[in-house]
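Colleague: If you read the sequences in order, they're chains G and R.
To convert, take the position in the first sequence, counting from 1, and add 2; that gives the working numbering.
To convert, take the position in the second sequence, counting from 1, and add 58; that gives the working numbering.
Yeah, the Cβ is synthetic: ideal placement off N, Cα and C, and Gly gets one too.
This is the structure I have questions about; it appears just below.
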Amino acid sequence: MEIDMTVDSFKFLPRIIGKFYQMTEREPSYPIPWTPLERPIQECKFGLVTSAGLYQLGVDQPFDLERERTEPTWGDPSFRRIPAGIRQDQLGVSHLHVNTEDVLKDVNILLPVGRFQELVDEGTIGGLAKWCYSFMGYQGFPPDTTLWEEEYAPQVAESFHEQGVHCVLLTPT
Amino acid sequence: MPVLARTLEAANLSTVLVTMMPYWSEKVGVPRTLGVEFPFGHTLGASHNVPQQKRVILEALNVLAEAPEPGRTVHSGEIWGESVEDAIQSWQPKEPSPIIAELTPKFRDMLRKQRKNKTP
């Protein structure tokens, strides 16, 4: 049965944080970018991007939480490259703004590598890029996303194009 | 994250953002959004709840395929299986983040002053 529902963005937020969001002025800048989907989903190769603060244990540096602790208005803008075939026990997470216990049990709640591999196997989608990308969602206060927009997201886009990616699923925390 | 969606979309990639905050996604102007009423840190569902994760992902793929114009938001009908009070407690970090610890007392004070000024 289909349920007609409007998502309440503030349902799970403590009141004080919700109030802060509601008092923050922001208007979209137009035009909103648009790349039409030019093939059926079954033929699309997907890339995955999350802001969960994931990194590969023993391979990557964690995100810089020490600097955030001493400089709370700053958030690490860098990103990590995660192989789509990664195992749960190879993942670490750096994020001071959410409880990370559940993603350390099941990465699919934020980076759905297992679910997307199943979709490839079933033929629902055309493919999954070998490399996924993880940022860390907190970008300071007030947020500064300049490096994301001008340097890091274009690098991720270039890598996705090299891998033949058509579509990207993004999952914030 | 909404700005990442915009930047990747502008770089010739078709994107869909799944978020607990469609309110913010609309303020920033995200190309395609699926809103989910889940606690933070659980964007695609509960850990190990494979059917739920899959339903959300398929909804997102549907938004990707069907959104007729930029800025479209679809609201998922998925329901979180935990009380709101428990979920609010469990998604938050054990210690408040540095910025929350620093700003909450100041913000609370500001709201208190605003309320006081409004009282006749």
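On the premise that M78(R) lies in contact with S11(G), defined as a C-beta separation below 8 Å, what is that separation, rounded to the nearest angstrom?
Modeller: That belief holds up - the Cβ atoms of S11(G) and M78(R) are roughly 7 Å apart, short of 8 Å.
Colleague: DSSP beta-bridge partners for A159(R)?
Modeller: Note: A159(R) sits in no beta bridge, so no partner.
Colleague: Return no unless some Cβ of chain G is closer than 8 Å to the Cβ of S105(R).
Modeller: For S105(R), the answer is yes, since a Cβ of chain G falls inside 8 Å of its Cβ.
Colleague: Chain G beta carbons: is any one of them nearer than 8 Å to that of E117(R)?
Modeller: Answer no: the Cβ-Cβ gap between E117(R) and chain G never drops below 8 Å.
Colleague: Between which two residues does the alpha helix (DSSP H) containing T91(R) stretch?
Modeller: Per DSSP, T91(R) belongs to no alpha helix (DSSP H); it is in the beta strand (DSSP E), R90 to G93.
Colleague: R117(G): which of Y140(G), P144(G) and G87(G) sits nearest, CA to CA?
Modeller: Among Y140(G), P144(G) and G87(G), the Cα nearest to that of R117(G) belongs to G87(G).
Colleague: Tell me whether A54(G) sits in a helix, a strand or coil according to DSSP, three-state version.
Modeller: In the structure shown, A54(G) sits in a strand (DSSP, three-state: E or B).
Colleague: Does K171(R) come out as helix, strand or coil in the three-state DSSP assignment?
Modeller: Of the three classes helix, strand and coil, the one that applies to K171(R) here is helix, per DSSP.
Colleague: What distance in whole Å lies between the Cβ atoms of Q58(G) and I84(G), which are believed to be in contact at a cut-off of 8 Å?
Modeller: Correct: roughly 6 Å between the Cβ atoms.
Colleague: Determine the burial state of R82(G): buried for a count of at least 16 other Cβ atoms within 10 Å of its Cβ, exposed for fewer.
Modeller: With 16 or more Cβ atoms within 10 Å of its Cβ, R82(G) is classed as buried.
Colleague: Is it true that the CB of P80(R) sits closer than 8 Å to the CB of T73(R)?
Modeller: The answer is no: Cβ separation not under 8 Å.
Colleague: Please report the straight-line C-alpha distance between T65(R) and D167(R), rounded to a whole angstrom.
Modeller: Taking the straight line from one Cα to the other gives about 37 Å.
Colleague: On the three-state DSSP scale, how would you describe E4(G)?
Modeller: Confidence is the limiting factor: at E4(G) the pLDDT is only 49, short of 50, which leaves the residue's position unreliable, though a coordinate-based value still follows. In the structure shown, E4(G) sits in coil (DSSP, three-state: anything other than H, G, I, E or B).
Colleague: Is the region 138 to 154 of chain G in contact with the region 91 to 99 of chain G, if contact means three or more CB pairs nearer than 8 Å?
Modeller: Segments in contact, yes.
Colleague: Can you have a look at T52(G) and say buried or exposed, based on whether 16 or more other CB atoms are within 10 angstroms of its CB?
Modeller: Burial call: buried.
Colleague: Pull the bridge partners of H133(R) from the DSSP assignment, please.
Modeller: Partner(s): G93(R).
Colleague: Consider the Cβ of W36(G): report whether some Cβ of chain R lies at a distance smaller than 8 Å.
Modeller: It does; some Cβ of chain R falls within 8 Å.
Colleague: Distance cutoff 8 Å, beta carbons only. Does V121(R) sit that close to anything in chain G?
Modeller: Not an interface residue.
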